[in-house]
Amino acid sequence: MLKAGIFIPELLGNLGQSPVTRVYPFVESVVPEGFRGTPRLRPGACIGCKACVRDCTAEAIEIEQLPPDPNAPPPEPGKKNVGKKFKMILYLDRCVHCARCADVCPKDAIWLDEEFEVASFTRDALRLEME
Amino acid sequence: MEKSVFRIPIGPQHPFLKEPVKFDFDIRGEEIVGARMNLGYNHRGIEKACEQRNYYQCMYLLERVCGICSHSHTSAFVQAVEEIMNLEVPKRGLYLRMVNGELERLHSHLLWLGVAAHEVGFESLFMLVWRDRELIMDILEKISGNRVNYAINTIGGVRRDLTDAQRKEILGILKTVRQRLDYYAKIGTNEPSFVGRIKGVGTLSAERAAEMCAVGPFARASNVATDVRKDDPYACYAEMDFQLITHDSCDVLGRVIVRVLEMIESCKIIEQLLETLPEGEIALAKVSRRVPEGVAVSRYEAPRGEDVHFVRGNGTDKPERVRVRAPTMANLEVATESVIGSYVADIPIAIASIDPCYSCTDRMAIVLRDPKRGTEVTTWEQLRRRGIEWYSKNKGIRF
């Protein structure tokens, strides 16, 4: 049955309420726990297997070996990659924040932070190098 | 074209279109007497990109086919891959996949209801509906880690478990949402300015909807009882108690009512799922990266209608072919036709009533008919006969 003005009580009820819209960026915006932000590398944890490079949807990750530390002891024979250090280059402009890199990493070397304000004026600033 | 008929082009860029598409309407005075549409302004090459990526990369790539039904596309793809690999997904994983799917249906329908209200100039309803949609978006962000691209699926299950606190929180929020939906159902059918604007607009008869294979709420509003969740239940939908909503008004009003009532059914499904959430694993512990040779067609009831994914595996870790048929593809042709007989001012709401998503729909196909290479073209009739044979043999469905 059609009733004129059926919507009016709701509108009047809302008049007395404060606005729902938050005045971001003047008010801090909080993301929930488990938010998928920027991938980060735990220092020294990477073993250079490149599983993340292989599975990255956006092809946004590069893993490069760092020059060997001259003071480090020689690696034991038969143990691959021990003592070697790697850095991750992340192209944040390409990253789609799917967290596949963190899932596929056998050493849990990659984790995602909760940073969401990652916009930048230049593309170069979005090329992150992590060791 | 007779002299009194005038042709107005709408698109590819037009204020009422959210994405590029071209319509040509023949009008006599204010009345529309002919309509045509032309797609192809938004081809992104996702299907081809999938052929060069492994299955895990494809999953997140296909999630980006659509911003609203992102979960639908990954679910359809993952279901197809699981069928080829013959995997049995743990029940808890399937339940969580369904929870996400139904929450997505809720937010998609709420978004559409807001857009529909906006198209007819009912801005208050638009604002209120979108305010309530935020409740659902917040739940989705909490359980998956992102508002839009949830990335919750993985081959063999889901990636994130639901804690008991989250489960209780969702049930609490759903109570509020259900109250609001009951209110919208009342508004949708009782507010004279709203009902008067959408009643009798964009009419599509049941016969024509069935003939043109319309899908989703658009077809159900024309009294065609089609819903993959009932017709060919995937995941655990066969165990759920819910109604298939249809309406016989065959116009935009019917589409509003069907969507609002369907949201109430979605709430019921989520409540059932969360109350009977089984214990156990959420995903298979070890899944091979290589997918054996085989083909699979997966059907999924996306918020806009039936979403079909075709996957062919060739024994490597990359698919040989992925084909995506988004629901808008099935609806757009007949929706354009449904505008005939309405007025020019009805075009935005009549086209928007299918909840169109043109970017999801755009595909490119090159047909090579070369007898030397053994390629042939299958006609629609041959394809239909093959389909009937396959379904009667493998699924026991009689036609």
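Taken in sequence, the protein lines are chains A and B.
Following the numbering used here, the numbering of the first sequence begins with 2 at its first residue and continues without gaps.
Following the numbering used here, the numbering of the second sequence begins with -14 at its first residue and continues without gaps.
Think of the CB as a built atom: it goes at the ideal place given N, C-alpha and C, for glycine as much as any other residue.
query: For a test of the three-state rule: what should DSSP assign to A/Met89, helix, strand or coil?; result: strand
query: For B/Val63, tell me which candidate among B/Thr364, B/Pro341, B/Phe111 and B/Arg297 has the shortest Cα-Cα distance.; result: B/Arg297
query: Please list, in chain order, the chain B residues whose beta carbon lies closer than 9 Å to that of A/Lys51.; result: Under the 9 Å cutoff, chain B gives no residues; its nearest Cβ is about 13 Å from A/Lys51.
query: Is DSSP giving B/Val84 helix, strand or coil here?; result: helix
query: Is A/Glu116 close to chain B, meaning its C-beta is less than 9 Å from at least one C-beta of that chain?; result: no
query: Note down the Cα distance separating B/Val74 from B/Ala65, rounded to an integer number of angstroms.; result: 12 Å
query: Among A/Val97, A/Pro20, A/Asp125 and A/Arg128, which residue has its Cα nearest to the Cα of A/Gly38?; result: A/Val97
query: Spatial neighbours of B/Arg163 within its chain, please: CB distance less than 7 Å, with the 5 preceding and 5 following residues excluded, ordered by chain position.; result: Ile249 and Cys252
query: Residue range of the beta strand (DSSP E) that B/Asp11 falls in?; result: Lys7 to Arg13
query: Here's a check: name, in chain order, each residue in its chain whose Cβ is nearer than 8 Å to the Cβ of B/Val352, leaving out the five neighbours to either side.; result: Val362
query: The ligand ZN and A/Asp56: does the residue's C-beta get closer than 8 Å to at least one heavy atom of that ligand?; result: Inclusion of the ligand ZN in the displayed structure is not the case, the ligand content being empty and no account of it being possible.
query: How far does the beta strand (DSSP E) with B/Tyr285 in it extend, from its first residue to its last?; result: Gly279 to Ala287
query: Comparing the C-beta of B/Asp167 with each C-beta of chain A, is any distance below 9 Å?; result: no
query: Determine whether the beta carbon atoms of B/Arg46 and B/Val272 lie at a separation below 9 Å.; result: Residue identity differs from the one stated: residue 46 of chain B is Leu in this sequence, not Arg. Going by C-beta atoms, B/Leu46 is not nearer than 9 Å to B/Val272.
query: Would A/Lys88 and A/Glu60 qualify as a contact pair, given that the criterion is a beta-carbon distance under 9 Å?; result: no
query: Does chain B have any CB closer than 9 Å to the CB of A/Thr39?; result: no
query: Could you list which residues in chain A have their beta carbon closer than 8 Å to that of B/Asn131, in chain order?; result: Phe36, Arg37 and His98
query: Between B/Tyr80 and chain A, is any beta-carbon pair separated by less than 9 Å?; result: no
query: If you reduce the DSSP assignment to three classes, tell me which class B/Tyr26 lands in.; result: coil
query: CB B/His58 to CB B/Gly86, shorter than 9 Å?; result: no
query: Roughly how far, in whole angstroms, is the beta-carbon of B/Leu98 from the beta-carbon of B/Arg244, given that I think they are within contact range, below 8 Å?; result: 6 Å
query: Compare the Cα-Cα distances from A/Val21 to each of B/Phe8, B/Ile53 and B/Leu113 and report the closest residue.; result: B/Leu113
query: Which residue comes first and which comes last in the beta strand (DSSP E) that contains A/Met131?; result: Arg128 to Met131
query: Could you give the DSSP three-state label for A/Gln66: helix, strand or coil?; result: strand
query: Within 8 Å, do at least three Cβ pairs link the region 160 to 180 of chain B to the region 273 to 292 of chain B?; result: no
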